[in-house]
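J.: Dropping the structure in here first, questions after.
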Amino acid sequence: MKSKLRKRSVSGGSFRDVSFGTFRGKDVVKKDFKLITTKNDRKYNYRETYTLAACNHRNIVNFIGAGPNTRIADVRYVVIERATNASLAELIHSDSAYSICHVMPWNGLAYLHSRPERIIHRDLKPANMLLFDGCTTLKISDFGSSKIIEAGKEDFQSVNQGSLIYMAPEVQRLF
1 MKSKLRKRSV SGGSFRDVSF GTFRGKDVVK KDFKLITTKN DRKYNYRETY TLAACNHRNI
61 VNFIGAGPNT RIADVRYVVI ERATNASLAE LIHSDSAYSI CHVMPWNGLA YLHSRPERII
121 HRDLKPANML LFDGCTTLKI SDFGSSKIIE AGKEDFQSVN QGSLIYMAPE VQRLF
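According to full-length UniProt numbering, the sequence shown holds residues 1 to 175 in order.
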């Protein structure tokens, strides 16, 4: 990605640095993954990249590309579209007005769950829902915790992942 990027360090989470810039005239975000120290780090990077690349829906954040880490055969960063507004979490904690339509990403979830290889997000929360177009379009982001379920299979044993405060009560009981 040959472009001047402004960096903003992010503490915690799955990414080391977040850079903002433009690519082919569009505002983008480059998210550098943390250094890989465990097998789970590698899985997270793969899930984030594969899931974003596989999805094409107006309520899923657009995947622009990814870059390799050739030393260890893994993904080093992903590039996605930049939200034109804030995350749903930022909107909720601001003084701005918002309505129920901001918190209902049904179309995006229906798309994820109806694919031949269903995608279970496993960490759906306001911080992972980005707002676009004057806060009229909500897009789901952050697929590092997601689980891809093959067609015809059910897999409920791996749902106990994500942010506890946002989990459904029936999932919380598994802990």
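For each residue, glycine too, the CB sits at the ideal point set by N, CA and C.
Express the C-alpha separation of aspartate 133 and arginine 47 in angstroms, rounding to a whole number.
T.: 27 Å
J.: Just tell me which of Leu124, Phe20, Cys135 has its CA closest to the CA of lysine 147.
T.: With distances taken between Cα atoms, lysine 147 lies closest to Leu124.
J.: In this structure, how does DSSP classify lysine 147 when only helix, strand and coil are distinguished?
T.: Reduced to three states, the DSSP call for lysine 147 is strand.
J.: Between aspartate 142 and the rest of its own chain, which residues show a CB-CB distance below 6 Å, the 5 nearest in sequence each way excluded?
T.: Asn128
J.: Can you find a heavy atom of the ligand ADP that lies under 6 Å from the Cβ of phenylalanine 20?
T.: Because no ligand of any kind appears in the structure shown, any question about the ligand ADP cannot be addressed here.
J.: Could you work out which residue in Cys55, Leu131, Val61 is closest to leucine 88 when comparing CA atoms only?
T.: Leu131
J.: Check whether the region 76-93 and the region 22-38 touch, using three or more Cβ-Cβ pairs below 8 Å as the test.
T.: yes
J.: By DSSP's criteria, leucine 130 is part of a beta bridge. Which residues make up the other side?
T.: Ser87, Lys139
J.: Does the Cβ-Cβ distance between phenylalanine 41 and aspartate 17 come in under 7 Å?
T.: The sequence given here places aspartate at residue 41; phenylalanine does not occur at that position. It is not a contact, given that the beta carbons lie outside the stated cut-off.
J.: Is isoleucine 92 closer than 7 Å to proline 126 when the C-beta atoms are compared?
T.: Contact flag set, yes.
J.: The alpha helix (DSSP H) with lysine 39 in it runs from where to where?
T.: 39-54
J.: Should glycine 108 and asparagine 59 be called a contact, given that it needs their Cβ atoms to be closer than 7 Å?
T.: yes
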